[in-house]
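Position one of the sequence shown corresponds to residue 10 (the working numbering), numbered consecutively onward.
By construction, the Cβ of each residue, glycine as well, lies at the ideal position given by its N, Cα and C atoms.
The structure presented is a predicted model; accordingly, all values stated were derived computationally and were not measured.
Following: one structure in structure tokens, then a few remarks.
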Amino acid sequence: FRIYDKMVTVDMMSREDAPEDDQYHVEAVPWSMHFWPRYALHGAYWHWGFGNRASHGCVNMSPRDAKWIFDRLHPSLPDGWHSVFEDLEHPGSVLRVRYEHELGRERREAPGERWRGR
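Structure, rendered in structure tokens:
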């Protein structure tokens with residue numbers, strides 16, 4: 010995928026035809042970076058279960074982590090702007106989204122963990 014837009018904040022809501030028990034509306038979602046229609050990397054201030062499925066397809070991150078990534082992915086957001094879209098001269102960063110079954114069962118080490126106890 011490629012990041013095709015970035016927004017400092019955006020309101021996100023379910024499709025109008027979504028079942029009643031699957032509807033949502035979240036205002037001012039921070040650091041949003043769309044990579045597919047209705048799918049984005051973004052900050053999530055409404056939960057703390059990161060690493061577990063908790064969205065309708067988006068990649069939820071802590072707002073702090075989302076901001077860190079937002080600042081490093083293209084297209085770059087000019088100072089004072091709220092949103093930006095990729096174009097031929099300023100393409101978005103390429104993003105590879107892996108599915109759980111592609112990751113394998115091996116344990117992933119946290120940064121610095123391999124040095125503990127040595």
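Bounding residues of the beta strand (DSSP E) (the contiguous stretch that carries residue i)
i	result
P39	H34 to W45
A49	Y48 to G52
F59	Neither: F59 is in no beta strand (DSSP E) and is coded neither H nor E.
V106	First-last for V106: undefined, no H or E at that position.
S64	Run containing S64: none; DSSP gives neither H nor E here.
S146	Here the chain covers residues 10 to 127 and nothing more, so residue 146 does not appear.
First and last residue of the uninterrupted alpha helix (DSSP H) at residue i
i	result
F79	P72 to R81
Residue i (DSSP reduced to helix, strand or coil)
i	result
D31	helix
W124	The predicted model places W124 with a pLDDT of 45, which falls under 50 and marks its position as unreliable; any figure quoted below should be read in that light. The answer is helix: DSSP assigns W124 an H, G or I state.
D14	strand
D88	coil
D20	strand
Cβ-Cβ separation, residue j to residue i (assumed contact under 8 Å), whole Å
i	j	result
S23	Y33	5 Å
F44	L104	5 Å
P86	I12	Sequence check: residue 86 is Leu here, not Pro. Not really, about 11 Å apart at Cβ, beyond 8 Å.
Meets three-Cβ-pair contact criterion under 8 Å: the region 39-54 and the region 66-83:
Taking a cut-off of 8 Å for Cβ pairs, the region 39-54 and the region 66-83 touch, as three or more such pairs fall below it.
Specify whether the region 93-101 and the region 72-79 touch according to this definition: at least 3 beta carbon pairs, one from each stretch, less than 8 Å apart.
Result no; under three Cβ-Cβ pairs closer than 8 Å.
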